[in-house]
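As structure tokens, the structure follows; a few thoughts come after it.
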Amino acid sequence: MSKELIRLVDCCMAYDGEQVLDNLNLYINDSEFLTLLGPSGCGKTTTLRIIGGFQKPTSGTVLFNGVRINDVPPHKRHINTVFQRYALFPHLDVYDNIAFGLRIAKLSETEISSRVGEMLRTIGLVGFEERKVSSLSGGQMQRVAIARALVNRPNVLLLDEPLGALDLRLRKDMQVELKRIQQQMGITFVYVTHDQEEALTMSDTVVVMDKGVIQQIGTPEDIYNEPKNAFVADFIGESNIIEGVMLQDRLVELFGRKFPCVDSGFAPREPVDVVIRPEDVDIVPADAGHLCGTVTGITFKGVHYDIIVDFSGFKWLIQTTDFHPVGSYIGIRLGPEDIHVMKKSKYSGMFGDYSSYSAEYDEIGDSELETAESEEAPGYEE
Amino acid sequence: MKNKFLAGPYLVWMALFTIIPLVIVLYFALTDSVTGRFTLSNLAAMKDYLPIFLRSIWLAAISSIICLILGYPVAWCIAQTGPKVQRFLYMLVMLPMCISFLLRTLAWVAILEDTGMINSLLGRIGISPLPLIRTNGAVILGMVYNYLPYMIMPLYTVIIKIDPRLVEAAQDLGCDHAQVFGKVTLPLSVPGIVSGITMVFVPAVSTFYISQKLGSSGTTLIGDVIESQFKTAYNPNLGAAMSLVLMILIFICIGLMNRFTGDDDEVMTL
Numbered sequence: 001m002s003k004e005l006i007r008l009v010d011c012c013m014a015y016d017g018e019q020v021l022d023n024l025n026l027y028i029n030d031s032e033f034l035t036l037l038g039p040s041g042c043g044k045t046t047t048l049r050i051i052g053g054f055q056k057p058t059s060g061t062v063l064f065n066g067v068r069i070n071d072v073p074p075h076k077r078h079i080n081t082v083f084q085r086y087a088l089f090p091h092l093d094v095y096d097n098i099a100f101g102l103r104i105a106k107l108s109e110t111e112i113s114s115r116v117g118e119m120l121r122t123i124g125l126v127g128f129e130e131r132k133v134s135s136l137s138g139g140q141m142q143r144v145a146i147a148r149a150l151v152n153r154p155n156v157l158l159l160d161e162p163l164g165a166l167d168l169r170l171r172k173d174m175q176v177e178l179k180r181i182q183q184q185m186g187i188t189f190v191y192v193t194h195d196q197e198e199a200l201t202m203s204d205t206v207v208v209m210d211k212g213v214i215q216q217i218g219t220p221e222d223i224y225n226e227p228k229n230a231f232v233a234d235f236i237g238e239s240n241i242i243e244g245v246m247l248q249d250r251l252v253e254l255f256g257r258k259f260p261c262v263d264s265g266f267a268p269r270e271p272v273d274v275v276i277r278p279e280d281v282d283i284v285p286a287d288a289g290h291l292c293g294t295v296t297g298i299t300f301k302g303v304h305y306d307i308i309v310d311f312s313g314f315k316w317l318i319q320t321t322d323f324h325p326v327g328s329y330i331g332i333r334l335g336p337e338d339i340h341v342m343k344k345s346k347y348s349g350m351f352g353d354y355s356s357y358s359a360e361y362d363e364i365g366d367s368e369l370e371t372a373e374s375e376e377a378p379g380y381e382e
Numbered sequence: 001m002k003n004k005f006l007a008g009p010y011l012v013w014m015a016l017f018t019i020i021p022l023v024i025v026l027y028f029a030l031t032d033s034v035t036g037r038f039t040l041s042n043l044a045a046m047k048d049y050l051p052i053f054l055r056s057i058w059l060a061a062i063s064s065i066i067c068l069i070l071g072y073p074v075a076w077c078i079a080q081t082g083p084k085v086q087r088f089l090y091m092l093v094m095l096p097m098c099i100s101f102l103l104r105t106l107a108w109v110a111i112l113e114d115t116g117m118i119n120s121l122l123g124r125i126g127i128s129p130l131p132l133i134r135t136n137g138a139v140i141l142g143m144v145y146n147y148l149p150y151m152i153m154p155l156y157t158v159i160i161k162i163d164p165r166l167v168e169a170a171q172d173l174g175c176d177h178a179q180v181f182g183k184v185t186l187p188l189s190v191p192g193i194v195s196g197i198t199m200v201f202v203p204a205v206s207t208f209y210i211s212q213k214l215g216s217s218g219t220t221l222i223g224d225v226i227e228s229q230f231k232t233a234y235n236p237n238l239g240a241a242m243s244l245v246l247m248i249l250i251f252i253c254i255g256l257m258n259r260f261t262g263d264d265d266e267v268m269t270l
């Protein structure tokens, strides 16, 4: 399980003097589901294309099973790719699309037929053999693209935002499906997405990237519970990020008040960023609270309410299943486990303040991200 | 629905200058030149011109294929360059079309004739003049030269639109450069090949000026014969019949080609 398969050593990539990847170091284990996660322009697609052989790093080494493969062209790598928006061959039907790689490998037609048939059963498209790809729905095209890559039994499957064009319901189904296929076939998946929920749901390992630099590598739980800096904390889920001072191990000062926490290893009186997840906050009557504030906004989200609470000028997002009307004065309590302390970074002060929060915030943020992604996609300029 | 009326002027135009003339051609083709009565004798006379029909089709077909062989690599290469170079090269391809068709053909006469540029150059190094002009070869050369841009344009338009990710997908699935071309680029450029061949073949098969200037009496094409029916033989009825038969032959050729290349949705039908 933990055998190393791919390693990127000090990989840099620059287009026209613009640094896209900055000394990237990463290893990928055999049979692992690894996700490269980050906003558009963070270098995740470039990283994927370097592994696939479509781009050569400006400097650095790419190793596959310990062998340098920088100069090996894509068609000689035991790696297959599921491209953004599928890239199915429009002049071929479903069967011929899936059989494409096997025909190049000059397998016998009987072997091809049995492997394509097996693949069609896996993706649930038996009976679609002679359909033109242009007559398929997005989800079906997606499945064909996955089958076309997997039928070659690659060591590694690269997936470049494969679910980006699907609607939410289908995306959720395909997430489960992909995870199932990956576990069933035992193939290493390297998955690129800007959707943090997708990354957390599917991955064994998540690599969070921004501006060509890896911000954090870890399991989904690590990334969510122990973000390394304000960027990771904000990009993965919702976070209130507050400036604090580490008084001593397991004791942090926030808003002039001392809170016990579980973090240690900081210098005495070191300024730090403190992450409080909106769902970890306990709401209590004002007289019993560690901190007290006024509710300034409330949004019904289905399972819970998002409420914005003003603590002497700094606004927090808190998620609660109880209704607290705007204007009510409430208290909160924070247990040691609810507080996560991070070192200061260049991202300090940039994230985690909900002063400008509006109910549409999420949607606006997401759609901006997606348009940016799709605009840049054709030229792979990420 | 008001937008429909915007097509009105063209519909009127088409009725006046396409449909009605076609009816007139049909009328002339099926009537006697003297009595004006219905007759099939004009069409029956076609059999005398069968060799000329065949030669026209043959020379036009050869020219189309040479244009394809010459034009495809050019179109492909242009499509691989950067946007600025692309615009420049495309302009170069189009440039000859800005000069009169007649002038361009006459230029070839000056180059190929017995005392022309090539032969006088050969004479100077002591080689006897070659029979360059008044041959099938000269006619084909004229057709290729004049119609090559019509091949390159549709090919370029189709090749430029091939998604680069399809090329990468093919590489990803194990194709080397030659296989990428054979399995992806070439099949996807079929619509361009079909419309390119159509755009070269149709004017080439009915041309008369090229064969008059670069050919001889032995290379008379059907276009020449039709022209002479109207201008010297004064038999518009026979000329109309020939035009009609030529048109039907062209339709058959295009139909065969479209059938041969499969029912691609983008295939241009004329």
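Top to bottom, those sequences are chains F and S. For the record, in the first sequence the residue sitting at position 299 is 299 according to my numbering, with numbers rising by one throughout. For the record, in the second sequence the residue sitting at position 269 is 269 according to my numbering, with numbers rising by one throughout. Beta carbons are placed, not taken as given, at the ideal position from N, Cα and C, and that holds for glycine. Quick caveat, the model's predicted, so the values are computed rather than measured.
**Asked** Run through DSSP, which three-state label would R143 of chain F get?
**Response** Indexing the first sequence from 1 puts residue 143 of chain F at position 143. If DSSP states are grouped into helix, strand and coil, R143 of chain F belongs with the helices.
**Message:** Below 9 Å on C-beta distance, what does F89 of chain F contact in chain S?
**Reply:** The residue given as residue 89 of chain F occupies position 89 in the first sequence. By Cβ distance, chain S contributes L166, A169, A170, K183, V184, P187, L188.
**Request:** Kindly list, in the order they appear in chain S, the residues whose Cβ is closer than 7 Å to that of G101 of chain F.
**Result:** Numbered from its first residue, the first sequence carries residue 101 of chain F at position 101. Going along chain S in sequence order, the residues near G101 of chain F (Cβ under 7 Å) are L173, G174.
**Prompt:** Nearest-angstrom Cα distance between L132 of chain S and V151 of chain F?
**Reply:** Residue mapping note: residue 132 of chain S aligns to position 132 of the second sequence, counting from 1. Residue mapping note: residue 151 of chain F aligns to position 151 of the first sequence, counting from 1. Looking at the two C-alpha atoms, the distance is approximately 59 Å.
**Asked** Anyone know if the C-beta pair for G293 of chain F and V309 of chain F falls short of 8 Å?
**Response** Working through the first sequence from its first residue, we reach residue 293 of chain F at position 293. Working through the first sequence from its first residue, we reach residue 309 of chain F at position 309. A contact, by the Cβ cut-off of 8 Å.
**Asked** Does DSSP put Y347 of chain F in a helix, in a strand, or in coil?
**Response** If you number the first sequence from 1, residue 347 of chain F lands on position 347. Reduced to three states, the DSSP call for Y347 of chain F is coil.
**Asked** Counting along the chain, where does the alpha helix (DSSP H) carrying M13 of chain F start and finish?
**Response** Within the first sequence, residue 13 of chain F is the residue found at index 13, counting from 1. First-last for M13 of chain F: 4 to 15, but that is the beta strand (DSSP E), not the alpha helix (DSSP H).
**Message:** Mapping the DSSP letters down to three states, classify F101 of chain S as helix, strand or coil.
**Reply:** Position 101 of the second sequence, counted from the first residue, corresponds to residue 101 of chain S. Correct three-state label for F101 of chain S: helix.
**Message:** For I51 of chain F and P260 of chain F, what's the separation of their Cα atoms in angstroms?
**Reply:** Translated into the one-based positions of the first sequence, residue 51 of chain F becomes position 51. Translated into the one-based positions of the first sequence, residue 260 of chain F becomes position 260. Using only the alpha carbons, I get a separation of about 45 Å.
**Asked** Which residues in chain F sit within 7 Å of D48 of chain S, going by Cβ to Cβ distance?
**Response** Reading the second sequence from its first residue, position 48 is the one you call residue 48 of chain S. Near D48 of chain S there are no residues of chain F at all, since even the closest Cβ is about 45 Å away, more than 7 Å.
**Item:** L68 of chain S and I197 of chain S closer than 8 Å at C-beta
**Value:** Here residue 68 of chain S refers to the residue found at position 68 when the second sequence is read from its first residue. Here residue 197 of chain S refers to the residue found at position 197 when the second sequence is read from its first residue. Yes, Cβ-Cβ distance for L68 of chain S and I197 of chain S is below 8 Å.
**Asked** Leaving out the 5 sequence neighbours to the left and right, which residues in its chain are closer than 6 Å to G239 of chain S when beta-carbon positions are compared?
**Response** Sequence index remark: in the second sequence, residue 239 of chain S carries index 239 (1-based). Excluding positions up to five away in sequence, the list reads I226, Q229, F230.
**Message:** Could you check whether the Cβ of N80 of chain F sits closer than 8 Å to any Cβ belonging to chain S?
**Reply:** Working through the first sequence from its first residue, we reach residue 80 of chain F at position 80. Output row for N80 of chain F: interface = yes.
**Prompt:** So the beta strand (DSSP E) K409 of chain F belongs to, where does it begin and stop?
**Reply:** Only positions 1 to 382 of chain F appear in the structure, and residue 409 of chain F is not among them; the question remains open.
**Prompt:** In its own chain, which residues sit with a C-beta less than 6 Å from the C-beta of L163 of chain F, not counting the 5 before and 5 after it?
**Reply:** Locating residue 163 of chain F in the first sequence gives position 163, counting from the first residue. If we look at L163 of chain F and ignore the five residues flanking it on each side, its Cβ neighbours are R171, M174.
**Simplified DSSP state of V232 of chain F, which is helix, strand or coil** = By one-based count along the first sequence, residue 232 of chain F stands at place 232. If DSSP states are grouped into helix, strand and coil, V232 of chain F belongs with the helices.
**Residue interval of the alpha helix (DSSP H) (run including V94 of chain F)** = Position 94 of the first sequence, counting from 1, holds the residue named residue 94 of chain F. It spans 94 to 104 - the alpha helix (DSSP H) in which V94 of chain F sits, taken as one unbroken run.
**Request:** Measure the alpha-carbon distance for A107 of chain S versus M46 of chain S and round it to whole angstroms.
**Result:** Numbered from 1 along the second sequence, position 107 holds the residue referred to as residue 107 of chain S. Numbered from 1 along the second sequence, position 46 holds the residue referred to as residue 46 of chain S. So the two alpha carbons sit approximately 34 Å from each other.
**Prompt:** Would you report the Cα separation of F251 of chain S and P191 of chain S, rounded to the nearest angstrom?
**Reply:** What you label residue 251 of chain S is simply residue 251 of the second sequence in a count that begins at 1. What you label residue 191 of chain S is simply residue 191 of the second sequence in a count that begins at 1. Rounded to whole angstroms, the gap between the alpha carbons of F251 of chain S and P191 of chain S is 17 Å.
**Request:** Report yes if the CB atom of R180 of chain F is closer than 8 Å to the CB atom of I98 of chain F, and no otherwise.
**Result:** By one-based count along the first sequence, residue 180 of chain F stands at place 180. By one-based count along the first sequence, residue 98 of chain F stands at place 98. No, Cβ-Cβ distance for R180 of chain F and I98 of chain F is not below 8 Å.
**Asked** At which residue ranges does the segment 190 to 234 of chain F contain complete alpha helix (DSSP H) runs of 4 or more residues, listed in the order of the chain?
**Response** 196 to 202, 220 to 225
**Prompt:** Among the residues of its own chain, which have a CB less than 7 Å from the CB of A359 of chain F, if the five just before and after it don't count?
**Reply:** As a working mapping, residue 359 of chain F is identified with position 359 in the first sequence. Note that A359 of chain F has pLDDT 49, beneath the 50 cutoff, so the model's placement of it is unreliable and no number is given.
**Message:** Using CA atoms only, rank isn't needed, just tell me which of F:T201, F:V133, F:N155, F:Q182 is closest to H78 of chain F.
**Reply:** By 1-based counting over the first sequence, the position of residue 78 of chain F is 78. Selected option, being the one with the closest Cα: F:N155.
**Distance between beta carbons of G53 of chain F and P74 of chain F, contact taken as under 8 Å** = One-based indexing of the first sequence puts residue 74 of chain F at position 74. One-based indexing of the first sequence puts residue 53 of chain F at position 53. Contact flag correct, Cβ pair sits at about 4 Å.
**Prompt:** In angstroms, rounded to a whole number, what distance separates the CA positions of V144 of chain S and R134 of chain S?
**Reply:** For the purposes of this step, residue 144 of chain S is identified with residue 144 of the second sequence, where counting begins at 1. For the purposes of this step, residue 134 of chain S is identified with residue 134 of the second sequence, where counting begins at 1. Looking at the two C-alpha atoms, the distance is approximately 16 Å.
**Request:** Return the residue from the list F:C12, F:L36, F:L26 that minimises the CA-CA distance to S203 of chain F.
**Result:** For the purposes of this step, residue 203 of chain F is identified with residue 203 of the first sequence, where counting begins at 1. Checking every option, the nearest Cα to that of S203 of chain F belongs to F:L36.
**Item:** 8 Å Cβ shell around L16 of chain S - same chain, five flanking residues per side excluded
**Value:** Translated into the one-based positions of the second sequence, residue 16 of chain S becomes position 16. Closer than 8 Å at Cβ, skipping near neighbours: no residue.
**Request:** Please determine, among F:R250, F:K44, F:L251, F:P278, the residue with the shortest C-alpha to C-alpha distance to N225 of chain F.
**Result:** Taking the first residue of the first sequence as 1, we reach residue 225 of chain F at position 225. Here the closest residue by C-alpha is F:P278.
**Request:** Using a Cβ cut-off of 8 Å, pull out every chain C residue sitting near Q212 of chain S, in sequence order please.
**Result:** Looking for chain C here will not work: the only protein chains present are F and S.
**Asked** Whose CA, out of S:Y147, S:F201, S:Q80, lies closest to the CA of P164 of chain S?
**Response** Within the second sequence, residue 164 of chain S is the residue found at index 164, counting from 1. It is S:Q80.
**Asked** Can you give the beta carbon distance from G244 of chain F to E238 of chain F, rounded, assuming they're within the 8 Å contact cut?
**Response** Reading the first sequence from its first residue, position 244 is the one you call residue 244 of chain F. Reading the first sequence from its first residue, position 238 is the one you call residue 238 of chain F. That belief does not hold up - the Cβ atoms of G244 of chain F and E238 of chain F are roughly 19 Å apart, past 8 Å.
**Item:** Selection from F:T188, F:D234, F:I332 that minimises the alpha carbon distance to F64 of chain F
**Value:** Taking the first residue of the first sequence as position 1, residue 64 of chain F is located at position 64. The alpha carbon of F64 of chain F has as its nearest neighbour, out of F:T188, F:D234, F:I332, the alpha carbon of F:T188.
**Message:** Let me see if you follow: with CB-CB separation under 8 Å, is Q179 of chain S close to chain F or not?
**Reply:** As a working mapping, residue 179 of chain S is identified with position 179 in the second sequence. True, the Cβ-Cβ gap to chain F drops below 8 Å.
**Extent of the continuous alpha helix (DSSP H) to which C77 of chain S belongs** = For this step, residue 77 of chain S is matched to residue 77 along the second sequence. Note, C77 of chain S: alpha helix (DSSP H), 50 to 80.
**Prompt:** Is there at least one Cβ from chain S nearer than 8 Å to L164 of chain F's Cβ?
**Reply:** Along the first sequence, one-based indexing puts residue 164 of chain F at 164. Contrary to the premise, residue 164 of chain F reads as Gly rather than Leu in this sequence. No, its Cβ sits nowhere closer than 8 Å to a Cβ of chain S.
**Message:** For the structure I just gave you, are there three or more beta carbon pairs, one from the segment 196 to 216 of chain S and one from the segment 182 to 201 of chain F, closer than 8 Å?
**Reply:** no
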